[in-house]
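Encoded as structure tokens, the structure appears first; notes follow it.
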Amino acid sequence: QVQLAESGGGLVQAGDSLTLSCVTSVTKWAMGWFRQAPGKEREFVSIISWDGKDTHYIDSVKGRFTISRDDAKNTIYLQMSNLKLEDTAKYYCAPTYWGIWTNAMDTWGQGTLVTVSS
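Heads up: the sequence shown at position 83 corresponds to 757 in my numbering, and the numbers run straight through without jumps.
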């Protein structure tokens, strides 16, 4: 059974930084971060390859977000800096198809809420 447990969200001000964590039972898979803003569909944000050597980001977070993984801890991270109001969303991690940017196992955790205020 796939386990995904996101944490690290919170209420921050625009310009602040925050690091999200995702503890997962999934190994040897590319892992992605997704987010769902209020009233919007869930969207792909970033991905890291199974070996950590490659990453990809959507344009709106490039230069501000950094994805990483620590396989010894079964944890995926998303370091977010210079947060903007439009980053407000619930964030989820999931095993992800490279190049398609969709959830590969159709399972979601509970997510972690990030709220950016002005």
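Don't be surprised by glycine CBs; every beta carbon is placed ideally from N, CA and C.
The model shown is predicted, which means the values in this text are computed figures rather than measured ones.
Item	Value
Using C-beta distances below 8 Å, list every residue in its chain close to S723, excluding the 5 sequence neighbours before and after it, in chain order.	A704, T729, W772
Output the distance between the C-alpha atoms of V719 and V790, rounded to the nearest integer angstrom.	17 Å
Is the Cβ-Cβ distance between L692 and M754 less than 8 Å?	yes
In angstroms, rounded to a whole number, what distance separates the CA positions of R667 and S792?	One cannot answer for residue 667 here, as it falls past the ends of the chain, which runs 675 to 792.
With 16 other CB atoms within 10 Å as the buried threshold, where does E680 fall?	buried
Are G706 and I721 touching if we call contact CB-CB under 8 Å?	yes
Any heavy atom of the ligand MG inside 7 Å of the beta-carbon of Q710?	The ligand content of the structure shown is nil, which means the ligand MG is not present either.
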